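Visitor: Before we start, here is the structure in question, set down as structure tokens.
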Amino acid sequence: MLLIPCPWCGSRDEAEFHYGGQAHVPYPEDPASLDDTQWARYLFFRANPKGPLAERWCHTDGCRRWFNAVRNTATHDILAVYKPGEPRPVIA
Amino acid sequence: MTAQTFRLPQGGRISREEALTFSFDGQEYTGFRGDTLASALLANGVHQIGTSVKLGRARGVFAAGSEEPNAVVQIEKPFPEPMLQATAVELYEGLAASSLPGRGRLADEPDPARYDAVHTHCDLLVVGAGPAGLAAAAAAARTGARVILADEQPELGGSLLGTGTLLDWAADVGAELDAAPEVRVLRRTTVFGHYDDNYVLAVERRTGHLGEKAPAHLSRERVWRIRARRVVLATGAHERSLAFGDNDRPGVMLAGAARTYVNRYGVLPGRRAVVFTTNDSAYAAALDLAAAGVEVAAVVDTRPEPGEAARVAAQAGIEVLRGYAVTGTTGEPHVTSVTAAALGEESTGRELAADLLLVSGGWNPVVHLYSQAGGKLRHDEALGSFVPDTCRQAVEVAGAAGGPASLPACLADGASAGTRAVEAEGFAIREPLQLPAAADSATSEPSSPAAQLWVVPGADPDRSFVDLQRDVTVADLARATGAGLRSVEHVKRYTTAGTAHDQGKTSGVLASGVVAHLLGVEVGELGTTTFRSPYAPVSFAALAGRDRGALHDPVRVTALHDWHIAHGAEFENVGQWKRPWYYPRDGEDMTAAVLRECRAAREGVALMDASTLGKIEVRGPDAGVFLDRLYTNMMSNLKVGRIRYGVMCGADGMVFDDGTVIRLAEDRYLTTTTTGNAAAVLEWMEEWLQTEWPELKVHCTSVTEQWATVALVGPRSRDVLGSLAPHLAVDNTDFPFMTWRDTEVAGIPARVCRISFSGELAYEINVLPWYATALWEALYEAGRPQGITPYGTETMHVLRAEKGYPIVGQDTDGTVTPQDLGMSWVVSKKKRDFVGKRSHARADASRPDRKHLVGLLPDDPGTLLPEGAHLVADAPLPEPPVPMLGHVTSSYRSAALGRTFALALVKGGRELIGDRLYAPVGGALVPVTVTSSVLYDPEGARRDG
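In the order they appear, the protein sequences are chains S and F.
Mapping to this note's numbering: the first sequence position 28 is 1364, numbers consecutive.
Mapping to this note's numbering: the second sequence position 743 is 1446, numbers consecutive.
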């Protein structure tokens, strides 16, 4: 079980959190202007790298707030956490 | 009762003054406090513990700890427990055990014992209290760090208990650790899982060893959930088996185990022994056994030039057969003789009379936890096994768990690992640990290299067992490689080698070695199978802990729960809620009760506790904009005082939830959700607010439990409400459908909504939950002349289904759009966007063969279709595959229709209205006619009373 550093509460057990998938996949500004392929890309396509991935988490059983984390999917190391709307930190 | 004829007159870590009576297979024996069931049986000359799972071959004690593959027993008293290792069961007075044919029997009575769990944190967790683990814990503890030391044995010392060395030192260290304020020593505690961020699970056996005397107020077992900053794994090594003919007879035992029985338990595992080894360690066992009075017939060493250890043994008068291997044993079933043959020569071999055969194929570092923690292993040629390499977690390995190590090296390794770990956490060494001078002839003197022998030439492969617990032989492995399997993982699944509850601790590396030999590849190249938790079997009772029975899941009840119980309600679980299902009267079955309740709601007046409906208050200047984006229809133009039904979709356009939206004020809405979906809807709202639309000024608050809701339903409901709400104009003009009013009902402040989930004239009366019972009883009393009837969820379902109102999650399944439900009217055409809108424009959303919600009328009005029944077009059934057109989602008996009916999702269903379909039910084809989903009052004439 991961130890996840909630940016508001500090490190807590993974069981307190809800996973929210890849971060920085914004809801399109004007969905109606997208063709089916573009919309499907927003709806169904997500990155699945072996390595760092920016993803969304919600501290469901704690402060109930969403945040972003950069997690290495191969090692589970959480390399950074940051608040929604903030840019993805540059990971060296 | 038999005498302990194999017990040495003195020695061992047993309390001879405390004799214990126990039974095995109905026969009574005695042993001593400090024995395991296995050592006590051996002391009584009992070697055969059971029979093997597939072949039914006699099997005895093979090991002396939790790596035991053979000696698996059923505990009968004090409480039945299956598949325990006799080598790990501490003896207690009154223990009754029986042999097993390789598999156990579950108890058929509830376990009366308590089980619990503890969550804790530490700076350093040390796993294993052998020489390395004790040194690590002691060194770390002196810094003041929070240290936990866990070991599966009742006594600290690990391998020292078996070799009989440094036991005073171990006791001193134990006393020092027990006295240290920041240290916790967990004895009888098996660490069985190592997860991310050093989250470690262990199970402590607290009272099982006390038998009947176990205090009832203490938990029998406790699961420790430990979050450790650092972990030192000092888990030692398991001795490896060797595969040769009939190597599974009782009397064949690991050399180190035999040494443990002599030194720790004062038990002779036999009278005349042959030792079969590939390495030096077995010589120490031979010498210890000889010193205890066992006649050692010979040491059979596969190495042509075994070196110093062999010289010492020869000096002690033990014959050493150099470059020999044991090819087979005889005995029915216990070993009576052993055949040894020179390797590389055609010879009939030598027959050696013996009742004990010790084997040592080398040592496997116990890398299970290391591997679970994400540690990578590498193959060590000299050791012939896999050793820790690198780990991504803050985990270190100390002592024999890291590879071959002499006792002084284990001690030094442990002390430095413990020191390094706590120094890395910022603790300073104040007083360095003084390590004892260790002299262990077998491990401290320069030893000659071990040899690897995976398949003994000349041995019968069909009787050369690799995995004793699974009855997997060399021949079985050869069949697997012969069938073309090249990966050790595939061979494992093909043969089941390593899948028994010992997880192949003594056999896994041997299996890899045999497979590598058969394939002609290096073992290191082939690798090993994955190590998974639990390291040792853990009972489900321990894992469940206190989370069973009434504590398994929270139970939520409404403010009216006591009334429902007092009036005989049967309950239904809806999520965590207990909801009244129906209220049977004397002698009524469910069908009769529901028909009666339905009639009351349609013809008179009835009331239901609707408090469990999810309620979320959405508040703020942007609340209207926010709801417009989430609901498919418009909410911002709803007038204060009015109510609108709404549907939410996911971004994929599929129905997610539905409910009503009440506009309380310009900046305040109250939304309701499906009972089971309330938390999910609140999370959904928060997700959009926090991650996509942080600029919206909106707050969402769950108020589900702040309101009790009573649905008052039926053509006479207006009379009942009117009689109790003198300030409320109840007529249809002043209080029309889908509006709400604040008023007093029976003197209680109430918000009354004209909402109907039945199609009848109906009111939902909301009050503070403190007043719920007063309100309910007032309504019940006032409605008595009209025959007011309480009804439950079943009647609610029938009434709504007659009207074709879908239940999200019952009539939908995440693949259903509002249009599929025939609810295009709830989908705004005017709004520029809402969540799901773009998906409704996909070509897939307008496929003509999408499943539509329709009604079904069975031709026989008495036939009730089972929910989930499939629907097909033709009878009799054509040749398979038969096209499936859909399935029944809801099915009921209707009082109003005087017949059964159903709702179903059917491909292109709205185009099939009037057509005949068939539901295959239990071998018959039930003919049904497709209808509109609205079967009752399609013109909606009844909602205004």
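Glycine included, each C-beta is placed from N, C-alpha and C at the ideal position.
Here the structure is a predicted model, which is why all the values come from computation and not from measurement.
1) Cutting at 7 angstroms between CB atoms, please list the residues of its own chain near F:Pro1007, excluding the five before and the five after it.
2) For F:Glu1395, which residues in chain S fall below 8 angstroms Cβ to Cβ?
3) Smallest Cα separation from F:Ala1605: which of F:Thr1476, F:Arg1503, F:Glu1300?
4) Quick one: which unbroken beta strand (DSSP E) runs of 3-plus residues sit fully inside the region 987-1019 of chain F? Chain order, please.
5) Quick check on F:Met1311: does DSSP put it in helix, strand or coil?
6) Say whether chain S places a C-beta atom closer than 7 angstroms to the C-beta of F:Asp691.
7) Measuring alpha carbon to alpha carbon, tell me which of F:Gly1129, F:Ala1044, F:Gly1601, F:Tyr1483 ends up nearest F:Asp1563.
8) Pull up the distance between the alpha-carbon of F:Thr1146 and that of F:Asp1250, whole angstroms please.
9) Check for me: the alpha helix (DSSP H) holding F:Ser1119 runs from which residue to which?
10) So, is the C-beta of F:Arg1545 closer than 7 angstroms to a C-beta in chain S?
11) Residue range of the alpha helix (DSSP H) that F:Gln730 falls in?
12) Should S:Phe1380 be counted as a contact of the ligand COA given a C-beta to heavy atom distance under 6 angstroms?
13) Can you tell me whether F:Thr1436 is helix, strand or coil according to DSSP?
14) When burial is assigned at 16 or more other CB atoms within 10 Å of the CB, is S:Lys1419 buried or exposed?
15) Does S:Pro1367 have its Cβ less than 7 angstroms from a Cβ in chain F?
16) On a CA-only basis, which of F:Leu904, F:Ser755, F:Tyr795 is nearest F:Thr724? Give me that one, please.
17) Measuring CB atoms only, is the region 823-830 of chain F touching the region 1258-1267 of chain F, in the sense that at least three cross pairs come out at less than 8 angstroms?
18) For a quick check, are the C-beta atoms of F:Gly948 and F:Asp1163 less than 7 angstroms apart?
19) Mapping the DSSP letters down to three states, classify F:Lys1195 as helix, strand or coil.
20) Below 7 angstroms on C-beta distance, what does S:Gly1421 contact in chain F?
21) Quick one: which chain S residues come within Cβ less than 7 angstroms of F:Ala1354?
22) Going by the beta-carbon positions, is the gap between F:Thr938 and F:Arg923 smaller than 7 angstroms?
23) Mind pulling the chain F residues with CB within less than 7 angstroms of S:Thr1409?
24) How should F:Ala1141 be labelled, buried or exposed, when 16 other C-beta atoms within 10 angstroms of its C-beta is the threshold for buried?
25) For F:Gly1034, tell me which candidate among F:Asp1058, F:Gln1018, F:Glu1642, F:Ala1244 has the shortest Cα-Cα distance.
26) Does the beta carbon of F:Thr923 come closer than 7 angstroms to any beta carbon on chain S?
27) Got a sec, what are the start and stop residues for the alpha helix (DSSP H) S:Trp1375 sits in?
28) Whole angstroms are fine: how far does the CA of F:Glu1320 sit from the CA of F:Gly1495?
29) Between the Cα of F:Glu1398 and those of F:Leu1471, F:Val1070, F:Thr1005, F:Phe1329, spot the shortest distance and give me the residue it belongs to.
30) Quick one, are the C-beta atoms of F:Leu1114 and F:Leu1086 less than 7 angstroms apart?
31) On a Cα-Cα basis, can you pick out the residue from F:Ala1599, F:Asp1165, F:Val1591, F:Thr846 that is closest to F:Gly1612?
32) Would you call the region 1525-1539 of chain F and the region 1348-1366 of chain F touching, i.e. three or more CB-CB distances under 8 angstroms?
33) Please report the straight-line C-alpha distance between F:Leu971 and F:Arg962, rounded to a whole angstrom.
34) Residues of chain S with CB under 7 angstroms from F:Arg1095, in chain order?
35) Leaving aside the five residues before and after F:Ala1272 along the sequence, list all residues of the same chain whose C-beta is less than 8 angstroms from its C-beta, in chain order.
Guide: So, to answer that:
1) Arg1025, Gly1026
2) Pro1362, Tyr1363
3) F:Arg1503
4) 998-1004
5) strand
6) Outside the shown range of chain F, which is 704 to 1648, sits residue 691 of chain F, and nothing can be said about it.
7) F:Gly1601
8) Model confidence at F:Thr1146 stands at a pLDDT of 46, short of 50, so the residue's coordinates are unreliable; what they give is reported in the following sentence. The straight-line gap from Cα to Cα measures roughly 47 angstroms.
9) 1110-1127
10) yes
11) Careful: F:Gln730 lies outside any alpha helix (DSSP H), inside the beta strand (DSSP E) at 730-736.
12) Among the components of this structure there are no ligands whatsoever, and the ligand COA is therefore not found.
13) coil
14) exposed
15) yes
16) F:Tyr795
17) no
18) yes
19) helix
20) Pro1397
21) Leu1379
22) no
23) The premise fails here: S:Thr1409 is roughly 12 angstroms from chain F at the closest Cβ pair, so nothing lies under 7 angstroms.
24) buried
25) F:Asp1058
26) The sequence shown places Arg at residue 923 of chain F, not Thr. By this cut-off, F:Arg923 is not an interface position.
27) 1372-1380
28) 26 angstroms
29) F:Phe1329
30) no
31) F:Val1591
32) yes
33) 9 angstroms
34) Thr1411
35) Pro1283, Trp1284, Tyr1285, Tyr1286, Pro1493, Gly1495
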